[in-house]
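Participant: If you're matching positions, the sequence shown starts at 140 in this note's numbering and goes up one per residue.
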Amino acid sequence: MIDESQAGNQPEKPWIEIHDPVITSEALVAEIDRRVAARRTELGPVNLIFPTFGHVSTYPEPPAGHAYNPNLYYYLKQANQSPPPTVEPVLAPSPATRLPFLGRLWQLIRGEMHNLILFYVNQMAGDQNRLNIDLISTLNELTREIQAQQAEIDRLRAQLKPGEEGME
């Protein structure tokens, strides 16, 4: 075993050693490097775009000066303003809780069972809330995309000559 003081004195070895008289580890590493380079050249550059972590898209305002579907923006605004669901324990009084000893025991058991159910309901409500946020953000981004496309269509229509408008 080598301690840390001796580690710096070791000659650098290849990352793989092959004990074969026909092929050496250097030749194998060179072939792997050649194949990787050829594959990268064949596939071209890799352009990975990752979404922003935790991004919540905000409500896009209706476009000014353009006709738009008021229902789209009304319901989109309602979805953006809706609060997340909350689940709180609400236990109605029970006549069984009035008994001296058993009533208190029943109240404790009943409360804990209710809390157990709420634990699982809150997990599902949290998952649904995350899904709602993602869907609303998606709708907001799609609406922005529609606005940008409509602006591009309007710009292209404005570039058309008056005589060419009939050819649409």
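Every residue, glycine too, gets a C-beta built ideally from N, C-alpha and C.
Would DSSP call Val260 helix, strand or coil?
Facilitator: helix
Participant: Within 7 Å: the Cβ of Asn279 and any heavy atom of the ligand MN?
Facilitator: Absent from the structure shown: the ligand MN. Ligands present: none.
Participant: Please report the residue range of the alpha helix (DSSP H) in which Leu215 lies.
Facilitator: 209 to 220
Participant: From Ile292 to Val185, what distance separates their C-alpha atoms?
Facilitator: Take the alpha-carbon of Ile292 and the one of Val185: they are about 31 Å apart.
Participant: Hey, how far is the Cα of Pro160 from the Cα of Val175?
Facilitator: 25 Å
Participant: If you run the structure through DSSP and keep just helix, strand and coil, what is Val175?
Facilitator: helix
Participant: Indicate the three-state DSSP secondary structure (helix, strand or coil) for Ile248 in the structure shown.
Facilitator: helix
Participant: Look at Leu215 and Thr277 and say whether their C-beta atoms are less than 8 Å apart.
Facilitator: no
Participant: Under the three-state reduction of DSSP, which class applies to Ala206: helix, strand or coil?
Facilitator: coil
Participant: Does the Cβ of Ile248 have 16 or more other Cβ atoms within 10 Å, making it buried, or fewer, making it exposed?
Facilitator: exposed
Participant: Find out if the Cβ-Cβ distance for the pair Val195, Ile272 is shorter than 8 Å.
Facilitator: yes
Participant: Mind checking Pro190: buried by the 16 CB within 10 Å criterion, or exposed?
Facilitator: exposed
Participant: Measure from the alpha carbon of Asn261 to the alpha carbon of each residue in Glu165, Ile188, Leu187, Glu227, then state which is nearest.
Facilitator: Glu227
Participant: Indicate the three-state DSSP secondary structure (helix, strand or coil) for Met140 in the structure shown.
Facilitator: Its pLDDT being 47, under 50, Met140 is placed unreliably by the model, and the measurement read from it follows with that caveat. Looking at Met140 - three-state DSSP - the assignment turns out to be coil, as it is neither helix nor strand.
Participant: For Pro223, does the three-state DSSP call read helix, strand or coil?
Facilitator: coil
Participant: From Tyr198 to Ile275, what does the alpha carbon distance come to, in whole angstroms?
Facilitator: 9 Å
Participant: May I have the straight-line CA-CA distance separating Leu241 from Pro234, to the nearest angstrom?
Facilitator: 11 Å
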